[in-house]
Amino acid sequence: MDEKIIFQAGVQAGKEIPLPEEELSIGRDLKNMVVLDDIQVSRHHMRIFQKDGNFFVEDLKSTNGTMLNGKTLTKIQKLKNGDLIALGENNVLKVNIPSQKSAPFVEQNNLKAQGKFKRPEAKSTEEPIEYVEDLPEELSEKKARRSTTGKYPTWAIVAMIVIGFIIIFCIVPTVIIETTNQWCNLFSGLFNAISPGVCP
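Position one of the sequence shown corresponds to residue 92 (the working numbering), numbered consecutively onward.
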């Protein structure tokens, strides 16, 4: 039987595997017909099957994908003689189907150099930052009030209140009493108790 796959690189490099009449399953799971001990290979990675005298390859929704002739395999593809299939870390399989038309030449070294397949870059979900130059009037007033009151520490405000209290309730009355000479009228009892006869 001439239909086969030949490992060009990878964990089974040089090994030839005949293509069966029904299906050839490849993966990391021991239930596969071809088991690849490669962490980059999914448990059930891909399969090659025959239908109506033609061979087809299908990626079984593997994590890291399968490549056919350097392109990511997104759907079932018909195989041609000379096709190169790459999967896992650096496993490259050459398809040998003499009865089929040969595939376009793909440089094998390019497939080896790719190593692990590059997954499509995820699109950024971050929203662009919007800078607001003019705040609404209400917010601007609140901000202005906060900035005004924030100029003085709390202890300074308390000190100013105490000083104001002393001025209003102590110094001002004293000045008024002294100016109008009302000491004896208001506090005669107190002064006479301290010094008898001071206030008539």
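All residues carry an ideal CB built from backbone N, CA and C; glycine is no exception.
For residue i, count the other beta carbons within 10 Å of its own beta carbon; 16 or more makes it buried, fewer makes it exposed. Which is it?
i	result
I262	exposed
E113	exposed
T270	exposed
N182	buried
M158	buried
F146	buried
Given this structure, state the Cα-to-Cα distance separating residue i from residue j, to the nearest angstrom.
i	j	result
T165	I139	14 Å
T245	S279	42 Å
S286	F260	26 Å
F208	D143	Model confidence at F208 stands at a pLDDT of 47, short of 50, so the residue's coordinates are unreliable and nothing is read from them.
A132	G179	Sequence inspection shows Val at residue 132; the Ala mentioned does not correspond to that position. Going by the C-alpha atoms only, they are around 5 Å apart.
A100	K106	9 Å
R119	M137	10 Å
E94	L170	11 Å
L115	P109	9 Å
D128	S153	15 Å
L175	N187	10 Å
I117	M124	6 Å
V253	A247	10 Å
V284	A250	The displayed chain sequence assigns Ala, not Val, to residue 284. Going from the Cα of A284 to the Cα of A250 covers about 36 Å.
P189	N160	18 Å
E130	V102	This sequence places Ile at residue 130; Glu is not what is there. Cα to Cα, I130 sits roughly 11 Å from V102.
N172	V126	23 Å
C275	I267	14 Å
P111	L121	18 Å
To which residues does DSSP link residue i through a beta bridge?
i	result
N182	L178
T157	L178
F146	Q141
P189	None; P189 has no bridge partner.
I258	According to DSSP, I258 bridges with nothing at all.
K95	P109 and N187
L115	I139
V126	G118
K162	L159
A100	V183
Whose C-alpha, out of the options, is nearest the C-alpha of residue i?
i	options	result
D150	A177, L110 and I258	A177
N155	V148, N145, H135 and D174	H135
I97	V249, A247, P264 and L184	L184
T163	G173, I252 and V148	V148
I167	Q273, V102 and Q141	Q141
Just checking: is the beta-carbon of residue i within a distance shorter than 8 Å of some beta-carbon in chain C?
i	result
A250	Of the protein chains in the structure, only one exists, and it is not chain C.
Does the ligand GDP have even one heavy atom less than 7 Å from the beta-carbon of residue i?
i	result
C275	Ligands displayed in this structure: none; no statement on the ligand GDP is therefore possible.
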